[in-house]
Amino acid sequence: MAAETAAPAESARTWLVGLVRRTAFAVRAALSRRDGRATAVTVAAAYLVAYHLGLGHLGLRAGAVVSRPRFDLVVVEDPVALATRRVAPFQYEPVALLSAGPVEYLFAPVNAVVGLALAGLVGVTLAVSVVAWRGPAACRIGAGAGAAAGLPGILSGVACCGPAFLAVIGVQASAGLLAAFRWFLPASVAGLLLTLLWVGSQVDPAAAR
1 MAAETAAPAE
11 SARTWLVGLV
21 RRTAFAVRAA
31 LSRRDGRATA
41 VTVAAAYLVA
51 YHLGLGHLGL
61 RAGAVVSRPR
71 FDLVVVEDPV
81 ALATRRVAPF
91 QYEPVALLSA
101 GPVEYLFAPV
111 NAVVGLALAG
121 LVGVTLAVSV
131 VAWRGPAACR
141 IGAGAGAAAG
151 LPGILSGVAC
161 CGPAFLAVIG
171 VQASAGLLAA
181 FRWFLPASVA
191 GLLLTLLWVG
201 SQVDPAAAR
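Anchor point for the sequence shown: position 188 equals 188 in my numbering, and the numbering is continuous, going up by one each time.
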């Protein structure tokens with residue numbers, strides 16, 4: 001009986017290890033191509049900028065003159081204590097203000113880490129999507145995987161920027177709607193990871209050896 005129980009567990013473990021290995025192969029294959037790398041970098045950079053714009057941490061300084069560049073850096077008195085103070089779901093207090101010419105950037109360490117992680121995940125997912133669509137043989141997957149791989153990336157931008165977006169367009173958000181935004185980030189991350197694993201499941205096992 002013990003041997004029969006151990007066999008399915010070992011089989012599931014072997015399947016999961018193989019799935020992760022095939023997914024890693026698909027990611028490496030996508031990033032080894034020029035179009036895959038260009039997609040990953042471009043999408044990640046654009047997402048990171050949009051992420052900070054949505055949070056209101058990146059914008060133009062009032063009264064700034066482009067012809068007179070000015071660089072200022074202001075740091076709060078206790079940045080370590082302030083950095084982990086949450087001001088909204090998945091939003092934390094900025095600890096520094098950087099002004100470079102007409103551009104202002106509020107630096108919040110936790111927000112920056114979350115943004116970088118999301119940007120990287122979205123960039124990699126869409127890079128795999130593009131490569132799967134343009135050259136499915138490069139990842140040993142079907143071309144149909146490319147269209148599905150890009151869908152979860154759209155939702156992830158709503159996770160942290162949703163309340164700010166509602167404020168910009170002037171929508172009166174109910175408490176229930178605002179509470180729903182708390183689930184967008186984990187749901188988006190889970191969707192992106194599951195998409196990558198699903199793409200990995202389409203990889204020819206022999207190609208990942």
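Cβ atoms here follow ideal geometry from the backbone N, Cα and C, with glycine treated the same way.
Since the model is a prediction, treat every value here as computed from it, not as a measurement.
task: Drop a sphere of 10 angstroms on the beta-carbon of T125, count the other beta-carbons inside from all chains shown, and report buried for 16 or more, exposed for fewer.
output: One-based indexing of the sequence shown puts residue 125 at position 125. So T125 counts as buried.
Backbone CA spacing between T23 and V76 [nearest angstrom]: Translated into positions along the sequence shown, residue 23 becomes position 23. Translated into positions along the sequence shown, residue 76 becomes position 76. When rounded, the distance between both Cα atoms is 43 angstroms.
message: Give me, in chain order, the residues of the same chain whose beta-carbon lies closer than 7 angstroms to that of A211; leave out the 5 immediate sequence neighbours on both sides.
response: The structure shown does not extend to residue 211, since the chain is modelled only from 1 through 209, so no value can be given for it.
- prompt: To the nearest whole angstrom, what separates the beta carbons of A108 and V95, a pair I think is in contact under 8 angstroms?
  reply: For the purposes of this step, residue 108 is taken as residue 108 along the sequence shown, with counting starting at 1. For the purposes of this step, residue 95 is taken as residue 95 along the sequence shown, with counting starting at 1. Rounded, the Cβ-Cβ distance is 7 angstroms, consistent with contact.
message: Output needed for L255: all residues of its chain with C-beta closer than 6 angstroms, excluding positions within five of it in sequence on either side, in chain order.
response: Lying outside 1 to 209, the shown extent of the chain, residue 255 is not represented and no answer is given.
query: Looking only at C-alpha atoms, which of E104, H52 and V110 sits nearest to P79?
result: Counting from 1 along the sequence shown, the entry for residue 79 is found at position 79. If we check each option's Cα against that of P79, V110 comes out closest.
task: Using alpha carbons as the reference points, say which of R33, A26, Q91 and G191 lies closest to G115.
output: Working through the sequence shown from its first residue, we reach residue 115 at position 115. The shortest C-alpha separation from G115 is found at Q91.
field: DSSP bridge partner residues for S11 (one or two, in chain order)
entry: For the purposes of this step, residue 11 is taken as residue 11 along the sequence shown, with counting starting at 1. DSSP lists no partner for S11.
message: My assumption, with CB atoms under 8 angstroms, is that V203 sits in contact with F25. Please give the rounded CB distance.
response: The count along the sequence shown starts at 1 and reaches residue 203 at position 203. The count along the sequence shown starts at 1 and reaches residue 25 at position 25. About 6 angstroms; that satisfies the 8 angstroms criterion.
- request: Can you give me the start and stop residues for the beta strand (DSSP E) that D78 sits inside?
  value: Against the sequence shown, residue 78 aligns to sequence position 78. Premise fails: D78 is in no beta strand (DSSP E) and is neither H nor E.
message: Rounded to the nearest angstrom, what separates A119 and T14 at their Cα positions?
response: For the purposes of this step, residue 119 is taken as the residue at position 119 of the sequence shown. For the purposes of this step, residue 14 is taken as the residue at position 14 of the sequence shown. Spanning the two alpha carbons is a distance of roughly 31 angstroms.
task: Determine the DSSP secondary structure at G210, reduced to helix, strand or coil.
output: Past the edges of the chain, shown from 1 to 209, lies residue 210, and the structure says nothing about it.
First through last residue of the beta strand (DSSP E) which encompasses G86: Along the sequence shown, read from residue 1 onward, the residue named residue 86 stands at position 86. Residue identity check: residue 86 is Arg in the sequence provided, not Gly. That run of the beta strand (DSSP E) goes R86 to A88.
query: Hey, how far is the Cα of A187 from the Cα of L193?
result: Start at 1 with the first residue of the sequence shown, and residue 187 comes out as number 187. Start at 1 with the first residue of the sequence shown, and residue 193 comes out as number 193. Between A187 and L193, the C-alpha separation is close to 10 angstroms.
task: Under the assumption that L197 contacts L19 (Cβ atoms under 8 angstroms), give the Cβ distance between them as a whole number of angstroms.
output: For the purposes of this step, residue 197 is identified with residue 197 of the sequence shown, where counting begins at 1. For the purposes of this step, residue 19 is identified with residue 19 of the sequence shown, where counting begins at 1. Contact holds; Cβ gap of about 6 angstroms.
task: May I ask which residues mark the beginning and end of the alpha helix (DSSP H) holding G59?
output: Within the sequence shown, residue 59 is the residue found at index 59, counting from 1. Looking at the DSSP string, G59 is not in any alpha helix (DSSP H); the run it does join, the beta strand (DSSP E), is L58 to L60.
- request: Leaving aside the five residues before and after D72 along the sequence, list all residues of the same chain whose C-beta is less than 8 angstroms from its C-beta, in chain order.
  value: The residue given as residue 72 occupies position 72 in the sequence shown. So the qualifying residues of the chain are L97, L98 and S99.
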